[in-house]
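Q: Please find one structure pasted underneath; my questions will follow.
Residue numbers (the working numbering), protein chains in the order written: chain Y, 72 to 185; chain U, 936 to 1050.
In structure tokens form, the structure reads like this:
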């Protein structure tokens, strides 16, 4: 168990809909990273938050947005869903060990868009 | 931006043999190189990492090496066991500092260990 929690485990929805994925980082960790894992694209970075503020953006679509709340949990919002958005969505918690940031992954949310 | 290439994409070994997975990265500013093991349907699990001020690191049957000049890093698993069968991902990041940066992953290597 990495100490990172994600809900829900599975989501099945229809095209055009909107969903929210939730992540709670490890206790004491300030960074949250969101990654998308699909069969053809592998593990791709979407967005990073640090202590409530957006830190970096990767290959995140404009239909997707995220935020990190004062209690450090984060939500990833996916809207106008398309079939191609079906994937595993992971969040990772950034843990400072020494002067380096390790990342521990949550169990993921499997999104299926029908 | 950073690009990570990983080889081979699949690797089949007999139990007890060694397995080697190799990665190259493009951004000389990257200083943190973790390896993750992912079993089917599960989360990527950090198994070992190496920082740019170190050339080699070992943890029981697993070792990683880093050649900063050539921008290569490798994972070595000795005395492989069936439970080592999984997908292995290498990654690179600028990991030093309070927040670090996102991991850029290789495409993964599917390791199969047959008994």
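Ideal Cβ positions, reconstructed from N, Cα and C, are used throughout, including at glycine.
1. If we ignore side chains and look at the alpha-carbon of each, how far apart do residue 1002 of chain U and residue 1008 of chain U end up?
2. Measuring only the C-alpha atoms, how far is residue 938 of chain U from residue 128 of chain Y?
3. Does the stretch 119-139 of chain Y touch the stretch 1029-1038 of chain U, meaning 3 or more C-beta pairs lie closer than 8 Å?
4. Can you check whether the CB of residue 967 of chain U is closer than 9 Å to the CB of residue 985 of chain U?
5. Thinking C-beta only, is residue 953 of chain U closer than 9 Å to residue 991 of chain U?
6. Nearest to residue 112 of chain Y by alpha carbon, out of U:1050, U:1049, U:1046 and U:1042?
7. Quick one: does residue 1023 of chain U have its CB under 9 Å from some CB of chain Y?
8. So with Cβ pairs under 9 Å, would you call residue 113 of chain Y a contact of chain U?
9. Is it buried or exposed for residue 972 of chain U, if we count other Cβ within 10 angstroms and need 16 for buried?
10. Per DSSP, which residues does residue 972 of chain U bridge with? Please list them.
11. Just by C-beta distance, which residues in the stretch 953-971 of chain U are closer than 9 Å to chain Y?
A: The short version:
1. 6 Å
2. 16 Å
3. yes
4. yes
5. no
6. U:1042
7. no
8. yes
9. buried
10. U:980 and U:1023
11. 966, 967, 969 and 971
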